[in-house]
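Colleague: For what it's worth, the working numbering labels the leading residue of the sequence shown as 118, then goes sequentially.
Every residue, glycine too, gets a C-beta built ideally from N, C-alpha and C.
Predicted model, so just to flag it, every value in this text is computed and none were measured.
Got a structure for you, written out below as structure tokens; questions coming shortly.
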Amino acid sequence: GSSPVPYSCTYPPCLTHAVRSRTAAKPPPPPPAPALAPARTPKPSNMRTTGRTLIVALSLAGLTLGWTPTPSNLRPVRTTGVRRHRGAALFSAADDEVRELELEARELAVKALELRCEAKEAEMDMIIEKNVKESGVAVDPEASAAAVLAANQAFYTAHQSRRLADMRKVWSKDSAVVIHAGKPVIAGYQDVMHSYTGVFRSKSVESIKCSDPRLVALSQQTAVVVCNEEYTGASKMVATNVFQNNIREDKWELVSHHSSPVMFPNIPRPRNETGRMAMDYP
118 GSSPVPYSCT
128 YPPCLTHAVR
138 SRTAAKPPPP
148 PPAPALAPAR
158 TPKPSNMRTT
168 GRTLIVALSL
178 AGLTLGWTPT
188 PSNLRPVRTT
198 GVRRHRGAAL
208 FSAADDEVRE
218 LELEARELAV
228 KALELRCEAK
238 EAEMDMIIEK
248 NVKESGVAVD
258 PEASAAAVLA
268 ANQAFYTAHQ
278 SRRLADMRKV
288 WSKDSAVVIH
298 AGKPVIAGYQ
308 DVMHSYTGVF
318 RSKSVESIKC
328 SDPRLVALSQ
338 QTAVVVCNEE
348 YTGASKMVAT
358 NVFQNNIRED
368 KWELVSHHSS
378 PVMFPNIPRP
388 RNETGRMAMD
398 YP
């Protein structure tokens, strides 16, 4: 007889709490996303321009790194040629320096060879001079005899012309001795030249002439010539001239001149059958 209870689905308290907590923990659904505007497609010309700008920037930035982008629609910027040019220039400069060093080395080698040749030549000259002095034999007697007689004639030519400068060229400066007729021995180059200064100033003897020169001794170093001296206004004299070979200057020089008057012009002959000396008068 009680009033009817309306129907309701009732759960135990624990179950009712679990359902409520699970329902409360669920987040609300996200709002619907707004409709996006359709993407704008860039024009091909703008894309090409932007791409070129980017590629050029990357090309300039990559020069130092040696990397170059090469797109199909842009001509590649090449740095290999620049590097090759620089390398070729460096190799060329190195080659030039090497060639200069080689030329300097060759010049030094030539100078060294010249010095060696000069040293060898000086050594050979010393050896030749030593051998010549030791042997004492003339290498070419005919040429040496002609040279000695020419030096003898040069002495009398200088005497005849009264030129002291020519007389200085005839005499040896190392050793000089002169014996004028009736005078004592005068030794030394300067004293000999001084004596000829007085002879040239004198008017007692006007001229002199050499006749019948004879080469009586000849070696590689020494030669002896005897001859007659004919003076104008004076008696005949005989002279002995000694010459020495100057190897360095390649000439014969007078080292001694001895002049004496002819007191007895007759030439003695061998004894005849009577035992007396046969005299031959000119």
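Please classify H375: does DSSP put it in a helix, a strand, or coil?
Modeller: For the purposes of this step, residue 375 is taken as the residue at position 258 of the sequence shown. Strand, per DSSP.
Colleague: Which runs of the beta strand (DSSP E) spanning at least 3 residues fall entirely within the segment 252 to 299, listed in chain order?
Modeller: Taking only runs of at least 3 residues, the beta strand (DSSP E) segments lying wholly in the segment 252 to 299 are 294 to 296.
Colleague: Pair every Cβ in the segment 304 to 321 with every Cβ in the segment 223 to 236, then say whether three or more of these pairs are closer than 8 Å.
Modeller: Because the criterion of three Cβ pairs below 8 Å is not met, the segment 304 to 321 and the segment 223 to 236 do not touch.
Colleague: Using 9 Å as the limit for Cβ to Cβ distance, is T349 near chain C?
Modeller: Protein chain content of the structure displayed is limited to a single chain, and chain C is not contained in it.
Colleague: Tell me whether I364 sits in a helix, a strand or coil according to DSSP, three-state version.
Modeller: For the purposes of this step, residue 364 is identified with residue 247 of the sequence shown, where counting begins at 1. Here I364 sits in coil by DSSP.
Colleague: Since L335 and V265 should fall inside the 8 Å C-beta cutoff, what is the C-beta to C-beta distance between them, to a whole number of angstroms?
Modeller: The count along the sequence shown starts at 1 and reaches residue 335 at position 218. The count along the sequence shown starts at 1 and reaches residue 265 at position 148. Rounded, the Cβ-Cβ distance is 7 Å, consistent with contact.
Colleague: Relative to the alpha-carbon of A340, which residue among P301, V294 and N269 has its alpha-carbon at the smallest distance?
Modeller: Position 223 of the sequence shown, counted from the start, is the residue given in the question as residue 340. Taking only the C-alpha atoms, the option nearest A340 is N269.
Colleague: I need the DSSP call for L182, collapsed to helix, strand or coil.
Modeller: Mapped onto the sequence shown, residue 182 falls at position 65. Legend: pLDDT at L182 = 48, less than 50; position of this residue unreliable, value from coordinates given subsequently. If DSSP states are grouped into helix, strand and coil, L182 belongs with coil.
Colleague: Got a sec? Which residues, its chain only, sit under 8 Å from V343 by beta carbon, not counting five neighbours each side?
Modeller: One-based indexing of the sequence shown puts residue 343 at position 226. Correct list, in chain order: P330, R331, V333, V355, A356, T357 and N358.
Colleague: For the 8 Å Cβ check, are there 3 or more pairs between the segment 239 to 249 and the segment 286 to 302?
Modeller: Taking 8 Å as the limit for Cβ pairs, the verdict is that the segment 286 to 302 does not touch the segment 239 to 249.
Colleague: For my contact list, V302 and I296 are in at a C-beta cut-off of 8 Å; report their separation, rounded to the angstrom.
Modeller: Translated into positions along the sequence shown, residue 302 becomes position 185. Translated into positions along the sequence shown, residue 296 becomes position 179. That belief holds up - the Cβ atoms of V302 and I296 are roughly 6 Å apart, short of 8 Å.
Colleague: Within 10 angstroms of the Cβ of S319, are there 16 or more other Cβ atoms? Answer buried if so, exposed if not.
Modeller: The residue given as residue 319 occupies position 202 in the sequence shown. When all chains shown are included, S319 counts as exposed.
Colleague: If the criterion is Cβ atoms closer than 9 Å, does the pair S376 and A298 meet it?
Modeller: As a first step, residue 376 must be located in the sequence shown, where it is residue number 259. As a first step, residue 298 must be located in the sequence shown, where it is residue number 181. Yes, the pair counts as a contact, with Cβ atoms nearer than the cut-off.
Colleague: Rounded to the nearest angstrom, what separates A400 and E346 at their Cα positions?
Modeller: Only positions 118 to 399 of the chain appear in this structure, which leaves residue 400 out of reach.
Colleague: Please report how far the alpha carbon of K326 lies from the alpha carbon of N362, in whole angstroms.
Modeller: Working through the sequence shown from its first residue, we reach residue 326 at position 209. Working through the sequence shown from its first residue, we reach residue 362 at position 245. Distance between the alpha carbons of K326 and N362: 24 Å.
Colleague: In whole angstroms, what separates the C-alpha of S261 from that of R365?
Modeller: Stepping through the sequence shown from its first residue, residue 261 is reached at position 144. Stepping through the sequence shown from its first residue, residue 365 is reached at position 248. Near 15 Å, if we compare the C-alpha coordinates of R365 and S261.
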